[in-house]
């Protein structure tokens, strides 16, 4: 697709001129008394004015714009560092202007698409000053059913992508996440996965092109950016390398009828045996079947007692009759009944997985307001060996002590075991039985409550140590976790980055660093867990 937008080449040439002038004059002379706002206005094109996209703290709508895409209430307090400006880009030239001005004025730029980063690093910074480049207005979804592809802009949500596909076809879908308000930009650039990954792999395994603005202000597609950079932004975190404008995705085939179920079993209902069997079969089942396992603490049958509830949530790419037959042969311990199974279209299944009531219209996917907004902490792990029954029951006893944290196991196998670990930056492929998510939500405000619930999550994470991957203890980038390390982007940036980098990327970390050093040697695109440059 290339650089096809009006005057984008002119803006790039202006950027080069600015750099040339800056190399012979100090910033104070070249941009004396110039504010970020004025710089953006000066660079805007008459055909695409930028003023209406700029929000500063003195504007009454500033707080609303800032808070609209904060998905973790831990970072929506009076003490949370605030941006000096929010730019809600309306055109790609606005993104180019932001990159130019941020570099000349030495202001850190945070890039936000859907705001679902678990640690808020797309809209909060430990550095000051900083501003937010908000991508939510750049949200087109252009579906080509004949070619079985779509171009989706970074500011679109997964729900908008699903709705756009379903509006044109009953037999196409896309293997991405189960939360419809998640933004495309962060989800795809971090790897992305959903309940069709055992059939079609990760979200990024189905990306065939992209458009990105690099540190020089150039708009590049796959051909012009080269295969190294294209590799890096499919799982390595796009915000370390540039501003991803859009991804071209391959649509996948789905049957007109799929089947879902959600079946709970408590500890008293033989959950130990059922979960132990799930461990053995879930990664080996037919690739059309994905069964997620969630475990939480609920009230027991006796007053004042707590117990564990294990819930098995499934998507099957086929009808209920075939599913019942498959489950009877492979996982009879669950005791799945016909009455547990609900047939529906694929797009309806995306609503089921988001806990919408059966029969909710598909246009609910277009809502950008999450069903639940709360304080939260997330962590991740990978399991490579089956956890024995006594291990499961030890974990459950610890969970009952802690009470609040939940565990979710997402099974691998199928396509996930066939794709080489070096195909994309995401390395967690063959050899992994399932991925673990630790989830703790709470409603109480304040630092004391946050410290309490975060520590509960960390305790459960520590209790799980004997049962998960080691050397390194692996983690999933999209489940952002600052406990793994923070990069202050100073002289120790590479050493700090390696601490979390090998956990997220394993052996792919070194290639990501080499690409980063090549395309952004000055480390302009940075955050608290970005890819560092090689030390000089």
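In mature numbering (1 follows the signal peptide of the UniProt record, and there is no 0), the protein residues as written are -30 to -1, 1 to 506.
All C-beta atoms in this analysis are idealised placements derived from N, C-alpha and C, irrespective of residue type, glycine included.
As the structure is a prediction and not an experimental result, all values here were calculated from the model.
- In the same chain as residue 391, and ignoring 5 residues on each side of it, the C-beta atoms closer than 6 Å to its own belong to 397, 399, in chain order.
- In the three-state reduction of the DSSP assignment, residue 258 falls in the coil class, being assigned neither a helical nor a strand state.
- Selection 394, 459, 247 evaluated against residue 173 yields 394 as nearest (Cα-Cα).
- Per the DSSP secondary-structure output, residue 379 pairs in a beta bridge with 263, 406.
- Where residue 215 is concerned, there is no enclosing alpha helix (DSSP H), although the beta strand (DSSP E) around it starts and stops at 213 to 220.
- At a Cβ-Cβ threshold of 8 Å, residue 100 and residue 57 do not count as neighbours.
- Residue 291: member of the alpha helix (DSSP H) spanning 290 to 300, first to last residue.
- Looking at 67, 437, 235, the one whose alpha-carbon comes closest to that of residue 360 is 437.
- With contacts defined by Cβ atoms closer than 8 Å, residue 268 and residue 351 do not form a contacting pair.
- Beta bridge pairing from DSSP links residue 103 with 57, 81.
- Put simply, of 369, 66, 171 the residue whose alpha carbon is nearest the alpha carbon of residue 384 is 171.
- In this model, residue 197 and residue 485 are separated by some 10 Å (Cα to Cα).
- When C-beta atoms of the region 98 to 118 are compared with those of the region 248 to 257, fewer than three pairs fall below 8 Å, so the two segments do not count as touching.
- Residue 159 holds the alpha-carbon nearest to the alpha-carbon of residue 214 among 106, 159, 301.
- Shown here, residue 10 sits in a helix according to DSSP, grouped into three states.
- Annotation for residue 296: 256, 259 place their beta carbon closer than 7 Å to its own, counting only its chain and skipping 5 residues before and after.
- Under the three-state reduction of DSSP output, residue 190 falls in the strand class.
- By the CB criterion at 8 Å, residue 154 and residue 246 fall outside the cutoff.
- Secondary structure at residue 426: helix, using DSSP grouped into helix, strand and coil.
- If you draw a straight line from the Cα of residue 414 to the Cα of residue 345, it is about 8 Å long.
- The secondary-structure analysis by DSSP pairs residue 412 across a beta bridge with 345.
- Sorting 195, 331, 340, 505 by C-alpha distance to the C-alpha of residue 487 places 505 at the top.
- The C-alpha of residue 157 is placed about 28 Å away from the C-alpha of residue 355.
- For the pair residue 264 and residue 277, the CB atoms are not nearer than the 8 Å cut-off.
- Counting C-beta pairs closer than 8 Å gives fewer than three between the region 126 to 136 and the region 174 to 191, which falls short of the contact rule.
- Annotation for residue 108: no beta strand (DSSP E) segment contains it, and DSSP assigns it neither H nor E.
- In the DSSP annotation of this structure, the continuous segment of the beta strand (DSSP E) that includes residue 286 starts and ends at 276 to 286.
- Per the Cβ contact rule, the region 474 to 485 is in contact with the region 439 to 459 (3 or more Cβ pairs under 8 Å).
- Taken through DSSP and simplified to helix, strand or coil, residue 64 comes out as helix.
- Proximity to residue 379 across 388, 367, 92, 357 peaks at 357, based on C-alpha coordinates.
- Around the beta-carbon of residue 47, fewer than 16 other beta-carbon atoms lie within 10 Å, marking it exposed.
- As the crow flies, the alpha-carbon of residue 339 is around 9 Å from that of residue 41.
- Distances from the alpha-carbon of residue 333 to those of 308, 124, 207, 133 put 133 closest.
- Bounds of the alpha helix (DSSP H) holding residue 369 are 359 to 372.
- Residue 54 and residue 27 have their C-alpha atoms some 7 Å from each other.
- Per the C-alpha coordinates, the member of 50, 21, 66 positioned closest to residue 33 is 50.
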